[in-house]
């Protein structure tokens, strides 16, 4: 039931270049679009099945979203998900937020990601940050693009609550007060089980599984930390390692 | 440089049915095949680039593996990885190990997986188990198949060290001594940060993100546990949740 133009419009947003140029991205699937409708985010247009439109009529009305009817087959054909019997929303990319100022992050933890280029990992990291109440992620420019459909999908809606900033991490670290705690995850560092985090919060830096934290960032790390291993695996996935470290940081703050 | 028959043989093992019938599976990529060569596992045949064969000559010799020359292009075409400039091994599926007996698991933790059907998640869970020194995983029969190339790849070699058993979980639980600790991860349970695990070890049961632990298993859970949230994400990925719980279980045992 979608017109040729509508199909073209949605498909164009599979590509980063078009997302950049048009300032739009896609949110797909029932749970994600339902969370979007419940949020304060604007929706540029919504392609939805009759069933979805009926079920979420109140939220759609409240948001005054432009709804275009689509079949599940339409949605699967034009979207990036294998199946989608609910909805696809076209959403304006919010204007770039400034990086979190030191005053804003008082008592909070900021997650800094160096060269995390797998979109699934970035999405999982957003979800972990959201679980542990981290409101800001700063990413090196070569980290995966936030509005990639795989990132949005893997974030399970957490992109709505966690703000992601892209900037040269060296610049970000230089902008911080000199007494800021900057933890860096390394294979050899202080045991996170016994490390006592600052109640002032700080920054947690995670590098890629393949290359770790770039050596140029090492001067800014005030505390190298590590997750103790009890078996023989060589490493952990970056989203898993981040979750374990956040769990330790939060546990200690509250005990 | 591969013959038509060799190509057919490797490709056949992309499918579960053929892996079952032939009792063989694939191990792909440099790091994984290198770990395989360094392990005690047998190799049925090895397809490798000249460079890989040269670099791992000692290990290949030691294992008396049958090596067939292949180009990177060959390997990418017949394998499941997008790129592979190293090797593919055909490996015999080990005869099914019996489920870990209570005597074997004294002081250890066994991971029990209920209906984890995403292969990437199962692979990540093997890696987490390996990091935390868990030697046995028991899986409900509808959990993803261990020898699926996506599981093997996501396990990053941990399939070599962690033994995975498929069986009706009810039968497994009934076989345990009545004083066995059986932890179950729920959204509402005892806080894992303050829960003191038994030094006798036990079983940790994880369900799928979508459905949780099946209600039929509830009677066997002695301690429902939960990971405290500090933000607004609704849930965590199952491999991430398992890693956080294992980290808490290990930390307490050693403090």
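Chains as they are written, first to last, in my numbering: chain A, 1 to 255; chain B, 256 to 510. All residues carry an ideal CB built from backbone N, CA and C; glycine is no exception.
{"Check": "Using C-beta distances below 6 angstroms, list every residue in its chain close to residue 499 of chain B, excluding the 5 sequence neighbours before and after it, in chain order.", "Outcome": "482"}
{"Check": "Pull out every residue of the region 189-210 of chain A whose Cβ sits closer than 7 angstroms to any Cβ of chain B, in chain order.", "Outcome": "193"}
{"Check": "Between residue 56 of chain A and chain B, is there a C-beta pair that is closer than 8 angstroms?", "Outcome": "no"}
{"Check": "Which residues in chain A have a C-beta closer than 9 angstroms to the C-beta of residue 383 of chain B? List them in chain order.", "Outcome": "233, 236, 237, 240"}
{"Check": "Around the C-beta of residue 179 of chain A, are 16 or more other C-beta atoms found within 10 angstroms, so that it is buried, or is it exposed?", "Outcome": "exposed"}
{"Check": "Nearest to residue 400 of chain B by CA position, among B:380, B:387, B:389, is which residue?", "Outcome": "B:380"}
{"Check": "Residues of chain B with CB closer than 9 angstroms to the CB of residue 132 of chain A, please, in chain order.", "Outcome": "484, 485, 486, 488"}
{"Check": "How would you call residue 329 of chain B, buried or exposed, if buried means at least 16 neighbouring beta carbons within 10 angstroms?", "Outcome": "buried"}
{"Check": "Can you tell which of B:300, B:296, B:259, B:355 has the C-alpha that lies nearest to the C-alpha of residue 320 of chain B?", "Outcome": "B:300"}
{"Check": "If you drop the 5 nearest sequence neighbours on each side, which residues of the same chain put their C-beta closer than 6 angstroms to that of residue 2 of chain A?", "Outcome": "70, 74"}
{"Check": "Can you tell me whether DSSP reads residue 435 of chain B as helix, strand or coil?", "Outcome": "coil"}
{"Check": "Identify whether residue 364 of chain B lies in helix, strand or coil by the three-state DSSP scheme.", "Outcome": "strand"}
{"Check": "Would you mind stating whether residue 371 of chain B and residue 384 of chain B have Cβ atoms separated by less than 8 angstroms?", "Outcome": "no"}
{"Check": "DSSP state of residue 128 of chain A, grouped into three classes?", "Outcome": "helix"}
{"Check": "Can you find the residues in the same chain that come closer than 6 angstroms, C-beta to C-beta, to residue 428 of chain B, ignoring five residues on each side of it along the sequence?", "Outcome": "475"}
{"Check": "Residue 226 of chain A bridges to which residues according to DSSP?", "Outcome": "A:191"}
{"Check": "Among residues of its own chain, excluding the 5 on either side of residue 255 of chain A, which ones have a beta-carbon nearer than 8 angstroms to its beta-carbon?", "Outcome": "In this predicted model, residue 255 of chain A has a pLDDT of only 44, less than 50, meaning its place in the structure is not dependable enough to derive any value."}
{"Check": "I'd like the span of the alpha helix (DSSP H) that includes residue 28 of chain A, first residue to last.", "Outcome": "No alpha helix (DSSP H) holds residue 28 of chain A; the beta strand (DSSP E) holding it covers 24-28."}
{"Check": "With burial defined as no fewer than 16 other Cβ atoms inside 10 Å of the residue's Cβ, what is the status of residue 194 of chain A: buried or exposed?", "Outcome": "exposed"}
{"Check": "Report back the beta-carbon spacing between residue 407 of chain B and residue 333 of chain B to the nearest angstrom; my notes put them in contact at under 8 angstroms.", "Outcome": "That pair is no contact at about 16 angstroms."}
{"Check": "Please tell me whether residue 144 of chain A has its Cβ less than 8 angstroms away from any Cβ of chain B.", "Outcome": "no"}
{"Check": "Looking at C-alpha atoms only, which residue of B:505, B:260, B:404 is the closest neighbour of residue 387 of chain B?", "Outcome": "B:505"}
{"Check": "Measure the alpha-carbon distance for residue 274 of chain B versus residue 33 of chain A and round it to whole angstroms.", "Outcome": "39 angstroms"}
{"Check": "Roughly how many angstroms separate the alpha carbons of residue 253 of chain A and residue 440 of chain B, rounded to a whole number?", "Outcome": "With a pLDDT of 45 at residue 253 of chain A, under the threshold of 50, the modelled position of this residue cannot be trusted; read the value that follows with caution. Residue 253 of chain A and residue 440 of chain B: Cα-Cα distance of roughly 23 angstroms."}
{"Check": "Taking the alpha-carbon of residue 442 of chain B as reference, which of B:309, B:271, B:327, B:491 has the nearest alpha-carbon?", "Outcome": "B:491"}
{"Check": "Roughly how many whole angstroms lie between the Cα atoms of residue 59 of chain A and residue 38 of chain A?", "Outcome": "7 angstroms"}
{"Check": "Is the Cβ-Cβ distance between residue 166 of chain A and residue 141 of chain A less than 8 angstroms?", "Outcome": "yes"}
{"Check": "Label residue 465 of chain B either buried or exposed according to how many other C-beta atoms from any shown protein chain fall within 10 Å of its C-beta, with 16 as the threshold for buried.", "Outcome": "exposed"}
{"Check": "Under 8 angstroms, CB to CB, which of the residues in the region 392-416 of chain B have a partner in chain A?", "Outcome": "411, 412, 413, 416"}
{"Check": "Using a Cβ cut-off of 8 angstroms, pull out every chain A residue sitting near residue 293 of chain B, in sequence order please.", "Outcome": "In chain order: nothing, as chain A lies at least about 11 angstroms away."}
{"Check": "Is any beta-carbon of chain D found at less than 8 angstroms from that of residue 499 of chain B?", "Outcome": "The structure shown contains no chain D; its protein chains are A and B."}
{"Check": "What are the boundary residues of the beta strand (DSSP E) that includes residue 392 of chain B?", "Outcome": "391-394"}
{"Check": "Ignore the nearest five residues each way along the sequence and tell me which others in residue 127 of chain A's own chain have a CB closer than 6 angstroms to its CB.", "Outcome": "155, 156, 158"}
{"Check": "Once DSSP output is grouped into helix, strand and coil, what is the label at residue 242 of chain A?", "Outcome": "helix"}
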